[in-house]
Every structure is written in C-alpha cells, then in structure tokens.
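>
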Amino acid sequence: MRPVTAAAGLVAVTLVGLVLAPLPGWTSGELSVVQWFSAHHAPAWDAAAGLIGTVVSPPVGFVLLLVTCAVAARWIGLRRAAVLLGIAGATLAGGIVLKVLVHRPRPDVALLVSPPPVDTSFGYPSGHTTVATVLVLVALAVLPRRHRAWLVPAGVVLVAAVAASRVYLGLHYPLDVTAAAVYAVCAFAFLSALVMTRPARRLLAVVHLDPCAPDAPSSDQPSVPPEGDHA
C-alpha cells in the first residue's frame, strides 16, 4: 500500500467516526444487527467468543507481539525486530487515540437480550480487532513471502472471526470492527513507509535502529518494514 493511500485511509476512518457514526439513523440500523446476534446466543458460541476476546485482548495481544518480535529477531535481526515492534505498538496506540477522538459509546446493554458486562470505554475502533489485524500484519512482515498464499486468507479469517465475536457479544457495532481493521492496515502501512524515509532513518540510526543498516536476514526473508502491500 502506498503511503498516500494509507494516509487517505486514516483520514477516511477518522471522518467516518466523527461524521457517520454519531448519526441516530445509522446507529439504530447497526443496533438492530447487534440485537439480532444478542437474541441468538448459544453456549458454544459464547465460549468461543469469550476465548477469542481473551486471546486478542490488548494486554495479551501486546505480549504476543513482544514474543513474536523476539522470536523473529533471530532471523530478521534485532534492529528490524525492534522497529517492527515499534510500528506495531504505535499502531495500537494510535487506535486508542482514535477512540478518544471519536468517543463513540458502545451498544446499550439494556437493549440486548444477552447483555455483556458493562464496558464504559469507547467503542470506535474496536481494540480487539485492531490487535488481531496488527498480529496478522506482523506475521506477514516476518515470514517469507512464499507463505503469503496461505497466511493472507488465514489472517482475513482470523480478523473476521474476531470482529464477528465482538459484535456477537454486544460489545461493538459493525462499524467499530470494520473501522478497526481498515485503521490497522492503513496505520501499519503508513508507519512502515515512514520509518524508511531518510529523516526517520537518521533518527533511528542515533539509537542504532536504522532498518536498512547491516544485520540483514537471509535472502529468503523479507526486510522489515516489508516492501509489499498489506491491504
């Protein structure tokens, strides 16, 4: 994804959150979807959605990112792994900032047949969906390109499952989870391009983290940030 496209995506996600999400008619339409899921709960689906929510919760997700980058450092190099972790962390942090900026309330639990525990934090974009998307993008960045044939569709299924589970539990509107996936892809791509600019590389070189400096992986491994498209 080109930096301009990524930046445009970030602007679009922000504007949608500020302009479209607050519209009463839009929210009521989304609420009907959440209510349908809430009225069709089953114990097995509840358990699966709860497990997904735990695994990709922001705290656990960040630990998974740390572990992934630590393991990946063995073949992509320590500095590239550190830069990749920084990109992932900044993407997650940006999602929190966007939540505060848009400050969209979550679905009203009083209107749901199977209400979740009350969560007073803002819902746009979904933090769990953002974490899941970032985990997939990190995996794409560190694994050889030959694995993309299966990793991309598997990643799409994973993100879709997380997104659906959040709506199923009544914790998010559909727009929240959709925006989270788009935001994560665009933010990750934009930051990946940003760290490759000359000013950023000079700044990173001060702390010995220039991603283009020697300490390269084998030719079979992608450089980090990857040159390919994450969309």
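Heads up: the sequence shown at position 129 corresponds to 339 in my numbering, and the numbers run straight through without jumps.
Ideal placement from N, C-alpha and C gives every residue a C-beta, glycine not left out.
Owing to the predicted nature of the structure, the values given are computational and were not obtained by experimental measurement.
How long is the line joining the alpha carbons of residue 460 and residue 253, rounded to whole angstroms?
What is shown of the chain runs 211 to 441, which leaves residue 460 out entirely.
> Chain B beta carbons: is any one of them nearer than 8 Å to that of residue 247?
In the displayed structure, chain B is absent; only one protein chain is listed.
> Report yes or no: do the segment 353–364 and the segment 377–387 share at least 3 C-beta pairs separated by less than 8 Å?
Contact between the segment 353–364 and the segment 377–387 is absent, because fewer than three Cβ pairs lie under 8 Å.
> Just confirm the distance between the C-beta atoms of residue 332 and residue 220, as a whole number of angstroms; I'd bet it's less than 8 Å.
Not confirmed; about 18 Å, so no contact.
> When you compare the CB positions of residue 327 and residue 241, do they come within less than 8 Å of one another, or not?
Taking 8 Å as the Cβ cut-off, residue 327 and residue 241 do not qualify as a contacting pair.
> Where do the ends of the alpha helix (DSSP H) carrying residue 330 lie?
Per DSSP, residue 330 belongs to no alpha helix (DSSP H) and is neither H nor E.
> Quick check: the segment 331–348 against the segment 266–275, are at least 3 beta-carbon pairs closer than 8 Å?
Enough Cβ pairs lie closer than 8 Å, so yes.
> Taking DSSP as the reference, what is the three-state secondary structure of residue 322?
Reduced to three states, the DSSP call for residue 322 is coil.
> Please confirm whether residue 369 and residue 349 have their CB atoms less than 8 Å apart.
Cβ atoms of residue 369 and residue 349: not closer than 8 Å.
> Alpha carbon to alpha carbon, what distance is there between residue 343 and residue 395?
Whole-angstrom Cα-Cα distance: 7 Å.
> My output table needs one value for residue 317: the three-state DSSP class, helix, strand or coil.
The answer is coil: DSSP assigns residue 317 none of H, G, I, E or B.
> Could you round the C-beta distance between residue 244 and residue 322 to whole angstroms and report it? I think they count as a contact, below 8 Å.
Residue 244 to residue 322, Cβ: 7 Å. Contact.
> By a C-beta neighbour count over all protein chains shown, 10 Å radius and 16 as the cutoff for buried, is residue 261 buried or exposed?
That one is exposed.
> Below 8 Å on the Cβ atoms is my contact criterion, and I expect residue 341 with residue 302 to pass it. Report the Cβ-Cβ distance as a whole number of Å.
Yes, residue 341 and residue 302 are in contact; Cβ-Cβ is about 7 Å, under 8 Å.
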